[in-house]
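J.: The sequence shown runs 17 to 78 under this note's numbering. Here it is, the structure, as structure tokens.
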Amino acid sequence: MNKGVRLFIDMYVHYTTDFINDVILAHAFNMSTRKITVWSKSKISKVKIIAGDELKGFSTGR
């Protein structure tokens with residue numbers, strides 16, 4: 017597996033798991049999830065940019 021693909025999957029799973037945990041905590045403490053959602057979207061966008069740079073030379077063989 018390409019290094020960029022592994023990086024993308026690892027980072028995406030990491031930030032998605034963090035987001036889910038934060039939403040659960042926010043609901044438990046009766047807090048708004050709006051700030052958490054905005055933060056999560058910015059992190060996921062950063063993951064896509066980093067992985068995109070890594071995947072520029074990646075060929076799927078199609």
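We treat Cβ as the ideally placed atom computed from N, Cα and C, and that holds for glycine.
1) Which of the three DSSP states, helix, strand or coil, is assigned to residue 61?
2) Expressed to the nearest angstrom, what Euclidean distance is found between the alpha-carbon atoms of residue 28 and residue 60?
3) First and last residue of the alpha helix (DSSP H) that includes residue 27?
T.: In this structure, then:
1) helix
2) 7 Å
3) Taken as a continuous stretch (DSSP letters only), the alpha helix (DSSP H) holding residue 27 covers 19–44.
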